[in-house]
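Engineer: Here it is, the structure, as structure tokens.
Here's what the structure looks like:
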């Protein structure tokens, strides 16, 4: 599989392969069924003959199935890969970047291949990368965290010190506020990796920031802001209001059960659930408690949103509710009319996802999807909905409503208020146009924008 | 001289909102955009907490916001009033000191955040003792913050002239940012005077640089010393005096005035913290920033036969869409041809 291959995966296996795999499956279960399953009384609603009705009239495969070579010889032994790697066959599932976005790779970004992910957890190796000065190779034993400023007792911690504290583990999405930025003026990109891939969702483990601040005796009568800072070349910094710091932030040393990756801030990073990923300072080495914000470049020149009238929004901490259909999406191609399970992700920086609705007609009518994953605070939520595609042109959209009652807006509405030069927080809906089956590019799935 | 130009912002934004509110109005007949001004001065529902709680904490629900703010929830103007529970802003004249270091806050209506933070603030805590005390003086190399009020400037014994600062800039920065800050090799320009107002959505995005966009001059020093030159940040070869020099040069290159008369830096002026603090009060764009006012839309969750303004192009047409094939100027766009099998696959997927 080459690096520059264009993904043209099918939305569903072809009719033949579907039948073939189904047949193999049925043959397999038949044996079990006779021995175990049917000894219990079958449910009154379930009629086996009715269940297989859709197969009526379909040609049956008669060729005898043969064993593959892997059935005839041993596979590889344990510890061939002391740290396992993905199956080579899926090595096309990679973080990728667009070479025209940034002039070098040390202040750049890669995107997570959302179209190939399942469930709500992003594997560590596919977590998107956003560097402002490259990823430093820091040794945990040389790393320190200092808490100072408006505190009773400035303190310094080793990473081992931090691991002694009471720990918490939380699953949260992490999203660059520039996610979707390339789509403000119109559509540019035909992959959900490009349109929404500046985000991931992981389980983080660490120490509550409120504990650490109190450990140093934070002076809450005067302290209004905490200013975290990284130990890397960019010295990344942001100003975080005390309410957010004391709400649910934590200092993480692990992601998905293992130590943080260097790309994600090894040995420690800040987790600011629901807020711009730029605030989740990596390689965290210092937290200064102050009464005024820093006005760092990353909260003035960047990460502020220019409006059409020349004014600009700043301190845009929370990521708005957002959603996207990941399957079928432009990386796939429909293989003919039939039943499809439309799947996607929804998330909200302000809490839990309450509803996801899907439209097949450009937003005129909506159908509530069901959740196929746990519904967690400030985390991805998987949704799915059945769709009988009749082969005609369709316009697929998803719309999230979160527990605060906020309803995701369509793009023309967001554009009419925010203009097209915001760069950040483009959180309106996107639209996938499914080309009619009998048209020139039948089954093509295209990113279009209203 | 510093003023937040809030009135200006409010007026400008009210104009912007004509389009947005028109959309909202079609869903909410009888809504009047001028209602906002009547609501200012503390006429918001004071019992907003109870209202929010009575609705399961749904503080961004259209109905809840209508109850708290009246039916003018689309008014950004209203959100600039600190008494509005949905305002992200507090009065920066009180909290920010003489230079208006902006104080944005989490809106009071985000009841959950405030309650959770308060609980964690109040909860008793006895230190575990796992850390090690450290003196503030031991942090002098690490503590490089220079905030919007000018706290944290290092002392400089031998300040250099602005002209010398320019020489240092050309030597260490010019190859990436251009000798006059005009940008080079795809790296960011640092001094381009473009108008930030756009009339048409398809106009190219204005370039935002120090002079026309940055709200604080202190940030120039803080950021340059913290992170530049890109390949060797915070370099002793430049030193604090050098970073002051570069900062003053960039203030000059961006034509930032130092007083009401519009006096600008001369080549033989000395690059000192005082010079930066003077410029800090005259940053041309400072008053045009306002705290995040999202959410900007307050839709109801419509399921069937939704009104035209929520459908397709915003006028009910689902076939009036834009495609990725070309930019407004006609240039070919990312991988559509490949996907249509009109070109060999591969273009656009090459990363580094």
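Chains as they are written, first to last, in our numbering: chain Y, 388 to 837; chain Z, 42 to 393. Positions of the beta carbon are idealized from the N, C-alpha and C atoms, including for glycine.
1) What would DSSP say about residue 784 (chain Y), mapped onto helix, strand or coil?
2) Evaluate contact between the region 778-797 of chain Y and the region 524-531 of chain Y, counting only Cβ atoms and requiring at least three cross-stretch pairs below 8 angstroms.
3) Taking the DSSP output, what are the residues bridged to residue 272 (chain Z)?
4) Using the beta-carbon count (16 or more within 10 Å), is residue 556 (chain Y) buried or exposed?
5) Indicate whether residue 342 (chain Y) and residue 577 (chain Y) have their beta-carbon atoms separated by less than 9 angstroms.
6) Where does the unbroken beta strand (DSSP E) through residue 710 (chain Y) begin, and where does it stop?
7) Would you please state the rounded distance, in angstroms, between the beta carbons of residue 312 (chain Z) and residue 201 (chain Z)? I believe it to be under 8 angstroms.
8) Relative to the C-alpha of residue 525 (chain Y), which residue among Y:670, Y:604, Y:551 is closest?
9) Is the separation between the beta-carbon of residue 603 (chain Y) and that of residue 542 (chain Y) shorter than 9 angstroms?
10) Is it true that the region 246-253 of chain Z meets the region 159-171 of chain Z, where meeting means three or more beta-carbon pairs spaced less than 8 angstroms apart?
11) Is residue 548 (chain Y) buried or exposed, if buried means 16 or more other CB atoms sit within 10 Å of its CB?
12) If contact is defined by three or more beta carbon pairs under 8 angstroms, each pair taking one atom from either stretch, is the region 275-292 of chain Z in contact with the region 178-198 of chain Z?
13) Which bits of chain Y does residue 334 (chain Z) rub up against, with CB to CB less than 7 angstroms?
14) For residue 649 (chain Y), which of helix, strand or coil comes out of DSSP?
15) Quick test of your reading: residue 563 (chain Y) and residue 517 (chain Y), contact by CB under 8 angstroms. State the CB separation rounded to the nearest angstrom.
16) Who are the Cβ neighbours of residue 575 (chain Y) in its own chain at under 7 angstroms, not counting the five residues just before and after it?
17) In terms of alpha-carbon separation, which member of Z:236, Z:239, Z:233, Z:290 lies closest to residue 261 (chain Z)?
18) I need the DSSP call for residue 210 (chain Z), collapsed to helix, strand or coil.
19) Around the Cβ of residue 797 (chain Y), are there at least 16 other Cβ atoms within 10 angstroms (buried) or fewer (exposed)?
20) So what's residue 462 (chain Y) in DSSP terms, helix, strand or just coil?
21) Grab the span of the alpha helix (DSSP H) containing residue 435 (chain Y) for me, first residue to last.
22) Are any of the Cβ atoms in chain Y nearer than 9 angstroms to that of residue 220 (chain Z)?
23) Suppose you measure from the CA of residue 650 (chain Y) to the CA of residue 127 (chain Z); what does that come to, to the nearest Å?
24) Give the straight-line distance between the Cα atoms of residue 805 (chain Y) and residue 581 (chain Y), rounded to the nearest whole angstrom.
25) With distances taken from CA atoms, which of Y:822, Y:736, Y:469, Y:478 is nearest residue 715 (chain Y)?
26) Could you tell me which of Y:487, Y:493, Y:694, Y:540 sits nearest to residue 803 (chain Y), measuring between CA atoms?
27) Let me check understanding here. Comparing Cα to Cα, which of Y:734, Y:749, Y:719 lies closest to residue 398 (chain Z)?
28) By the 9 angstroms beta-carbon criterion, what residues does the region 626-643 of chain Y contribute toward chain Z?
29) Anything in chain Z within Cβ reach of residue 540 (chain Y), meaning under 7 angstroms, just list it in chain order.
30) Excluding five sequence neighbours on each side, which residues of the same chain lie with their C-beta closer than 7 angstroms to the C-beta of residue 336 (chain Z)?
31) Mind listing the chain Z neighbours of residue 842 (chain Y)? Cutoff is C-beta to C-beta under 9 angstroms, in chain order.
32) Quick check: is the beta carbon of residue 138 (chain Z) nearer than 9 angstroms to any beta carbon in chain Y?
33) Any beta-carbon of chain Y closer than 9 angstroms to the one on residue 159 (chain Z)?
34) Pull up the distance between the alpha-carbon of residue 740 (chain Y) and that of residue 771 (chain Y), whole angstroms please.
35) Note down, in chain order, all residues in the region 305-326 of chain Z with a beta-carbon under 7 angstroms from any beta-carbon belonging to chain Y.
Structural biologist: A quick look at the data gives this:
1) strand
2) no
3) According to DSSP, which records beta bridges pairwise, residue 272 (chain Z) is partnered with nothing at all.
4) exposed
5) Coverage of chain Y is limited to positions 388 through 837, which leaves residue 342 (chain Y) absent and any answer about it impossible.
6) 709-714
7) 6 angstroms
8) Y:670
9) yes
10) no
11) buried
12) yes
13) 700
14) helix
15) 5 angstroms
16) 569
17) Z:290
18) helix
19) buried
20) coil
21) 435-438
22) no
23) 36 angstroms
24) 22 angstroms
25) Y:822
26) Y:694
27) Nothing about residue 398 (chain Z) can be read from this structure; chain Z reaches only from 42 to 393.
28) 626, 628, 629, 630, 631, 632, 633, 634, 635
29) 174
30) 101
31) Residue 842 (chain Y) lies beyond the residue range present for chain Y, which begins at 388 and ends at 837; the question has no answer from this structure.
32) Residue placement at residue 138 (chain Z) cannot be trusted, given a pLDDT of 43 that sits under 50; the coordinates are not used to answer.
33) yes
34) 14 angstroms
35) none
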